[in-house]
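A.B. asks: Protein chains in written order, with my numbering: chain A, 4 to 244; chain B, 797 to 1115.
Even for Gly, the Cβ is constructed at its ideal location relative to N, Cα and C.
Here the structure is a predicted model, which means the values were calculated and not measured.
The structure is given below, and queries will be raised subsequently.
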Amino acid sequence: MATDALTISGLHAYYGDSHVLYGVDFALKPSRVLALLGRNGAGKTTCISSIMGLLPPRKGEIKLFGKTVSGLPPETISRMGIGLVPQGRRIFPTLSVRENLIVAAQRQSEGEKPWNLDRIYDLFPRMSERRNQLAGSLSGGEQQMLAIGRALMSNPKVLLLDEPSEGLAPLIVQEVGRTVQRLKDEGQAIILVEQNSQLALEVADQVVILNTGEVAFDGTVEDVRANPDLITQNLGVFHGH
Amino acid sequence: MQSSQTRTVLALLAVVLVGALGFSYIASIRSAQFAIVQTLNSLALGGLLFLLAAGFSLIFGLMRLANLTHGALFMLGAYIGANIMRSYEGVSLWVAMLGSGILVALMGGVLERFVLRKLSSNSLGQVLVTLGMSFIIADACLIIWGGDPIPVPTPPDLRAPIRLFGYAFPTYRLAVVVLAIVAAVALYLLLERTRLGAMIRAGVDDMAMARAVGIPVSKLFTAVFMLGAGIAGAAGVLGGPIMSAYPGLDADMLPLALIVVILGGVGSLFGAFVGSFIIGFVYTFGTALLPDLAYVILFLPMILVIAFRPQGLFGRIAA
Ligand SMILES: Nc1ncnc2c1ncn2[C@@H]1O[C@H](COP(=O)(O)OP(=O)(O)OP(=O)(O)O)[C@@H](O)[C@H]1O
Ligand SMILES: [Mg+2]
């Protein structure tokens, strides 16, 4: 059996005394996209923060291509190959666009076409136009592109995208969708957290639905399509076509 | 409202004092030589304060740590410099500055790595430890170097004043100002034009996110702490020919640096620069012209800033 890109087993996470994740398990295969769905407050961001090491898990194990990353500090986890596009984008507002990208550059380049400044500028020509502008002055959509570019600069083996379409105009959401598709086509393994389940289901291979800190469903996109009740029950909203 | 009344009173007080100071300044202009010397004293003090405040501000901006050993590191630097120059005949002040800066930077590195690091989740504990360390360093200096001030000789080339238009300009003080400006430019370039500087600013913007993109924040902390400590130590030597090394130098300098940082804005290099020269002037002219009100004049700008602009003149973080 080929090694999974990312394996999460028995993950329990807490904020202080408040228990938020109750034994979450799932695995992401190499070069696949896993959509992580769930209501507001279901624990999606908590899950992402645990994987990144920003919220070290109290119990459970997280493995990246077989190597344990849980318990390590975020900078080490980043260097081992996990890239984060956080909810709310969190670009560095007082740095220029270019600086936002170069501070995240890492030397590891195992892929055939490693990401670098030029390739990010090719992917997002607007970033090239605005390279010397302060990132804080970019529009929401541009900040999202920058946050994705910044995460790619570390040439991650697994990319975590936490609600990349949140608060963006429909046209920009489409662009985000196309970008995710393109990364997938290049073989990037991705965990995509989304409220916009339509966007997520278009690119994903696998779907995990969280409900109040537990995995309520884990299966293929086809399973979800065949069973639309899953979405209405667990997400509370129906995103029709 | 009460707070707006307080503000009005403070503003009135400020106007009166600034008026008094301005009047005294103009009155003193009749003696141009006095004005020249005091102006250069102000600039030199401003330069030294900048070197102290820049490191303090940088450390606070990145690590959210008010490093109260900063004054003690300045004093320690002055003593080490004086000691080097006394022990090795013919060593220039500049070499002593470099040597002392490196030694104090190493001490700062040890302090950060092995003491402050252990308390990284406890910011009150960190502040108390830095205060305690400053007492320990001060006592150690007293034991090693005794209670009498140790003079630091002025470099021979800079002893004679420059004569221009019939007035004498104290050369060493001019050199201090020039060096402070050079240091300010170098620090600016380091912070604004290098990848390392961008990483430091990223850490100031969003520490957790900086770590998540792989910036080695822990190494950055040590580097910035050592840089700040080293500059403070070197500044102690640079100030030596003006102030000499004496017990209590730390307690004289630290409050001034704190006022500078609050005035200019925590974490802002430009703010530290402007604030240093404002305080350099206010302190020098205040003590020379209105000695009875020296402390009022010194603390008033800080109180005004806290009342009207808590983030400081150029800062983003509220003090
Ligand atoms: N910093 C925090 N401190 C305490 N509790 C938190 C914190 N962040 C999140 N929580 C709680 O943890 C639970 C899960 O939150 P989380 O942010 O993981 O949800 P989410 O699925 O990402 O939701 P959303 O779709 O709104 O982003 C919620 O009940 C939330 O209130
Ligand atoms: Mg979330």
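Going by the DSSP bridge assignment, what does ILE39(A) pair with across the sheet?
C.D. replies: Note on identity: in this sequence residue 39(A) is Leu, with Ile being the wrong assignment. VAL196(A) and VAL211(A).
A.B. asks: Would you mind listing the beta strand (DSSP E) stretches within the segment 161 to 195 of chain A that are 3+ residues and don't spill past its ends, in chain order?
C.D. replies: With a minimum length of 3 residues, the continuous beta strand (DSSP E) runs that stay inside the segment 161 to 195 of chain A are 161 to 165.
A.B. asks: Is it the case that the CB of ASP165(A) approaches a heavy atom of ligand 2 more closely than 7 Å?
C.D. replies: Yes - ligand 2 has a heavy atom lying nearer than 7 Å to the Cβ of ASP165(A).
A.B. asks: Taking all protein chains shown into account, decide if GLU132(A) is buried (16 or more other Cβ within 10 angstroms of its Cβ) or exposed.
C.D. replies: Exposed.
A.B. asks: Which one of GLN198(A), ALA150(A), VAL210(A) and ILE11(A) has the shortest CA to CA distance from ARG93(A)?
C.D. replies: Checking every option, the nearest Cα to that of ARG93(A) belongs to ALA150(A).
A.B. asks: Could you check if LYS914(B) is buried or exposed, using at least 16 other CB atoms within 10 Å of its CB as the buried criterion?
C.D. replies: Exposed is the call here.
A.B. asks: Is there a C-beta anywhere in chain A that falls below 8 Å from the one on PRO1106(B)?
C.D. replies: Taking Cβ atoms only, chain A never reaches closer than 8 Å to PRO1106(B), which makes this a no.
A.B. asks: For ALA936(B), write down the residues that DSSP places opposite it in a beta bridge.
C.D. replies: Note: ALA936(B) sits in no beta bridge, so no partner.
A.B. asks: Quick one: measure Cβ to Cβ for TYR1079(B) and LEU841(B), integer angstroms, because I've assumed they're closer than 8 Å.
C.D. replies: Rounded, the Cβ-Cβ distance is 6 Å, consistent with contact.
A.B. asks: Under 8 Å: do the segment 946 to 955 of chain B and the segment 884 to 902 of chain B share three or more Cβ pairs, one atom per stretch?
C.D. replies: Result yes; three or more Cβ-Cβ pairs closer than 8 Å.
A.B. asks: Within 10 Å of its beta-carbon, does THR926(B) have 16 or more other beta-carbons around it, so buried, or fewer, so exposed?
C.D. replies: So THR926(B) counts as buried.
A.B. asks: Check whether the Cβ atoms of VAL900(B) and GLY1029(B) sit closer than 8 Å, and answer yes or no.
C.D. replies: In this structure, GLY1029(B) lies closer than 8 Å to VAL900(B) by Cβ.
A.B. asks: State the start and end residues of the unbroken alpha helix (DSSP H) segment that holds PHE1017(B).
C.D. replies: 1013 to 1039 is the span of the alpha helix (DSSP H), which, as asked, contains PHE1017(B).
A.B. asks: Is there a Cβ of chain B sitting closer than 8 Å to that of ILE175(A), yes or no?
C.D. replies: Closer than 8 Å: no.
A.B. asks: Given the structure, does THR215(A) come close to ligand 2, in the sense that its CB is under 7 Å from one of the ligand's heavy atoms?
C.D. replies: The answer is no for THR215(A).
A.B. asks: At a cut-off of 7 Å, would you count GLN147(A) as near ligand 1, judging by its Cβ distance to the nearest heavy atom?
C.D. replies: The answer is no for GLN147(A).
A.B. asks: Please report the residue range of the alpha helix (DSSP H) in which THR235(A) lies.
C.D. replies: Where THR235(A) is concerned, the enclosing alpha helix (DSSP H) stretches over 232 to 238.
A.B. asks: Is the separation between the beta-carbon of ASN237(A) and that of ILE212(A) shorter than 8 Å?
C.D. replies: Yes, these two residues count as a Cβ contact at 8 Å.
A.B. asks: Do we get a CB-CB distance below 8 Å when we pair PRO1012(B) with the residues of chain A?
C.D. replies: By this cut-off, PRO1012(B) is an interface position.
A.B. asks: Near PHE1073(B), what residues of its chain come up, given a Cβ to Cβ distance below 6 Å and the 5 sequence neighbours on each side ignored?
C.D. replies: Closer than 6 Å at Cβ, skipping near neighbours: GLY842.
A.B. asks: Here's the rule I'm using: 16 or more other beta-carbon atoms within 10 Å means buried, otherwise exposed. How should GLU102(A) be labelled?
C.D. replies: Buried, by the Cβ-count rule.
A.B. asks: Quick one: which chain B residues come within Cβ less than 7 Å of LEU82(A)?
C.D. replies: Correcting the residue identity first, residue 82(A) is Arg in this sequence and not Leu. Those within 7 Å of ARG82(A) in chain B are GLY1010.
A.B. asks: Report the residue from VAL811(B), GLY905(B), LEU847(B) and ALA878(B) whose alpha carbon sits nearest the alpha carbon of PHE1021(B).
C.D. replies: The residue with the shortest Cα to Cα distance from PHE1021(B) is GLY905(B).
A.B. asks: Please report whether the beta-carbon of MET1005(B) lies at a distance below 8 Å from any beta-carbon of chain A.
C.D. replies: Answer yes: the Cβ-Cβ gap between MET1005(B) and chain A drops below 8 Å somewhere.
A.B. asks: Listed in chain order, which residues of the segment 968 to 997 of chain B have Cβ atoms closer than 7 Å to some Cβ of chain A?
C.D. replies: For the segment 968 to 997 of chain B, which is checked against every Cβ of chain A, the residues closer than 7 Å are ARG991, ALA994, MET995 and ARG997.
A.B. asks: What residues from chain A crowd round ASP1001(B), counting only those whose CB sits closer than 8 Å?
C.D. replies: Neighbours of ASP1001(B) on chain A, chain order: PHE95, PRO96, THR97 and LEU98.
A.B. asks: What whole-angstrom Cβ distance do VAL1062(B) and GLY1108(B) have, given they're in contact under 8 Å?
C.D. replies: That pair is a contact at about 6 Å.
A.B. asks: Quick one: using the 10 Å Cβ neighbour count with 16 as the cut-off for buried, is TYR1042(B) buried or exposed?
C.D. replies: Looking at its Cβ environment, which holds 16 or more other Cβ atoms inside 10 Å, TYR1042(B) is buried.
A.B. asks: Does at least one heavy atom of ligand 1 sit under 7 Å from the Cβ of THR48(A)?
C.D. replies: Flag set: Cβ of THR48(A) near ligand 1.
A.B. asks: Tell me whether VAL1092(B) is buried or exposed, calling it buried when 16 or more other Cβ atoms sit within 10 Å of its Cβ.
C.D. replies: Under this definition VAL1092(B) is an exposed residue.
A.B. asks: Relative to chain B, which residues along the segment 128 to 161 of chain A have a C-beta separation below 8 Å, given in chain order?
C.D. replies: So the list reads ARG153, ALA154, MET156 and SER157, given in the order they occur along the chain.
A.B. asks: Excluding the 5 residues flanking LEU58(A) on each side, which residues of the same chain have their C-beta closer than 8 Å to its C-beta?
C.D. replies: ALA16, TYR18, THR49 and SER52, listed in sequence order.
A.B. asks: According to the neighbour-count rule (16 or more other Cβ atoms, all chains shown, within 10 Å of its Cβ), is ASP7(A) buried or exposed?
C.D. replies: Per the 10 Å Cβ criterion, buried.
A.B. asks: For TYR17(A), which beta-bridge partners are listed by DSSP?
C.D. replies: Note: TYR17(A) sits in a beta bridge opposite HIS22(A).
A.B. asks: Taking 8 Å as the limit between beta carbons, can you name the residues of its chain near ALA107(A), skipping five residues before and five after?
C.D. replies: Only ARG153, ALA154, MET156 and SER157 meet the Cβ criterion.
A.B. asks: Cβ of VAL23(A) versus every heavy atom of ligand 1: is any distance shorter than 7 Å?
C.D. replies: Answer for VAL23(A): yes, Cβ within range of ligand 1.
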